[in-house]
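Structure record follows, encoded as structure tokens.
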Amino acid sequence: MSAPAPALPLTEIIRVRVGFSLTFDVPFPTPMLFVVEPQERPGQRLLQSRRLIEPGEGVTHLHRYFDAHGNVIWRMLAQPGTLTISHDVMAEVSGRPDPQFPDLPKTLVEDLPDDTLRFLLPSRYADSDLLAAEAWERFGHIQGGWAQVQAISDHLYGSCMYGVGSNSTTTAQQAYASGKAVCRDFAHMGVAFCRALNIPARYACGYLGDIGIPPDGVPMDFHAWFEAFIDGQWRTFDARHNKPRIGRILIATGRDAADVAFTTTFGAARLTQMTVWADQVQLDAELPEDGQPHDYWE
Numbered sequence: 001m002s003a004p005a006p007a008l009p010l011t012e013i014i015r016v017r018v019g020f021s022l023t024f025d026v027p028f029p030t031p032m033l034f035v036v037e038p039q040e041r042p043g044q045r046l047l048q049s050r051r052l053i054e055p056g057e058g059v060t061h062l063h064r065y066f067d068a069h070g071n072v073i074w075r076m077l078a079q080p081g082t083l084t085i086s087h088d089v090m091a092e093v094s095g096r097p098d099p100q101f102p103d104l105p106k107t108l109v110e111d112l113p114d115d116t117l118r119f120l121l122p123s124r125y126a127d128s129d130l131l132a133a134e135a136w137e138r139f140g141h142i143q144g145g146w147a148q149v150q151a152i153s154d155h156l157y158g159s160c161m162y163g164v165g166s167n168s169t170t171t172a173q174q175a176y177a178s179g180k181a182v183c184r185d186f187a188h189m190g191v192a193f194c195r196a197l198n199i200p201a202r203y204a205c206g207y208l209g210d211i212g213i214p215p216d217g218v219p220m221d222f223h224a225w226f227e228a229f230i231d232g233q234w235r236t237f238d239a240r241h242n243k244p245r246i247g248r249i250l251i252a253t254g255r256d257a258a259d260v261a262f263t264t265t266f267g268a269a270r271l272t273q274m275t276v277w278a279d280q281v282q283l284d285a286e287l288p289e290d291g292q293p294h295d296y297w298e
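Counted from 1, the sequence shown has number 23 at position 23 by UniProt numbering; the numbering is strictly sequential.
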């Protein structure tokens, strides 16, 4: 076995190639939604984006729209057979770790912007009402917005073991009670505890490769974390890793995973293969030309 390639240097700006390939067995015509497309954001610049559907005649009613949270949704009707859909993106992001602002104050509810108030309420997977007593007993005495949220992240990281123990219906309270969680659960728990303390919080999902750290050996997958509204901005927290990371690519945000599921199928389509990548590449790298027909978004 050959030695792994040496890590690329971490400069002020780094280039990251992210994407996925998903294959489905579709027994009959099935409407499908995908929440998989990153957007241009402050600190997140998209250089190239390529989508491929095989076979091309395997879908109809194909279009994209923006949901109530501003996320890009791909909508299609998959026809019977084997369907593979992939997306390949070249992006530039900061080469620095997630920013830290430990002295930021907490904003009173009466001073919060109107559009953040929905992120104070319990939702399908972030059942903050069931964790309120625990939240105030454990974190209520802590002064400062950032300090409170960081204490939540510290506690979840230290008290919950990373590992599969949940399923698609597991809520924040259930994951917390079990003491075992995957990234989705860590995000839901963080969101729920923040909301219980009157801090707006939302679920975030995207890509996070092993950039600037040794590979952890876990197969690459989509990642989830949470954002808390502190001192006028949404701030990134990741209780799964509980340390600032480099190369995070945001796809979507919502109240919880129900709003931003990567794939939603209205029928019996079955996922049979999934590959996800998120790798730092050279600053002049471009997506390779592989000779296959590609459908580019305008």
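Ideal placement from N, C-alpha and C gives every residue a C-beta, glycine not left out. Note that the structure is a prediction, hence the values are computed from the model and not measured.
Taking all protein chains shown into account, do 16 or more other C-beta atoms lie within 10 angstroms of the C-beta of residue i, making it buried, or fewer, making it exposed?
| i | result |
| --- | --- |
| Met161 | exposed |
| Gly81 | exposed |
| Leu22 | buried |
| Pro38 | buried |
| Gly58 | buried |
| Ser168 | exposed |
| Ala172 | buried |
| Ala133 | exposed |
| Val135 | According to the sequence displayed, residue 135 carries Ala and not Val. Label assigned to Ala135: buried. |
| Phe226 | buried |
| residue 307 | This structure cannot speak to residue 307, because the chain is shown only from 1 to 298. |
| His63 | exposed |
| Leu197 | buried |
Report the residue from the options whose alpha carbon sits nearest the alpha carbon of residue i.
| i | options | result |
| --- | --- | --- |
| Cys194 | Asp221, Asp185, Gln100 and Ala228 | Ala228 |
| Tyr157 | Glu92, Leu250, Asp279 and Cys183 | Cys183 |
| Ile249 | Asp279, Thr263 and Asp259 | Asp279 |
| Ala126 | Lys106, Gln44, Pro113 and Pro200 | Pro200 |
In whole angstroms, what separates the C-alpha of residue i from that of residue j?
| i | j | result |
| --- | --- | --- |
| Ala269 | Leu121 | 33 Å |
| Gly267 | Ala78 | 10 Å |
| Pro215 | Glu110 | 44 Å |
| Gln282 | Gly19 | 17 Å |
| Gln44 | Thr272 | 31 Å |
| His188 | Pro55 | 36 Å |
| Glu286 | His87 | 14 Å |
| Asp295 | Ser128 | Note on Asp295: pLDDT 48, under 50, position unreliable in the model; the coordinate value appears next. Taking the straight line joining both Cα atoms gives about 42 Å. |
| Ile213 | Leu10 | 11 Å |
| Ile230 | Gly165 | 31 Å |
| Gln150 | Thr84 | 40 Å |
| Phe101 | Trp146 | 7 Å |
| Cys205 | Gly95 | 19 Å |
| Glu12 | Met90 | 17 Å |
| Gly115 | Ile142 | Here the sequence assigns Asp to residue 115, which means Gly is not the residue at that position. Cα to Cα, Asp115 sits roughly 26 Å from Ile142. |
| Arg240 | Pro31 | 33 Å |
| Gly209 | Ala68 | 28 Å |
Pick helix, strand or coil for residue i, following the three-state DSSP scheme.
| i | result |
| --- | --- |
| Arg51 | strand |
| His155 | helix |
| His241 | coil |
| Val35 | coil |
| Asp88 | strand |
| Val276 | strand |
| Gln282 | coil |
| Glu227 | strand |
Are any of the Cβ atoms in chain B nearer than 7 Å to that of residue i?
| i | result |
| --- | --- |
| Thr84 | The chain labelled as chain B is not found in the depicted structure, where only one protein chain is given. |
Pick out the complete alpha helix (DSSP H) segments inside the segment 135-189, 4 residues or longer, and give them in chain order.
145-159 and 172-178
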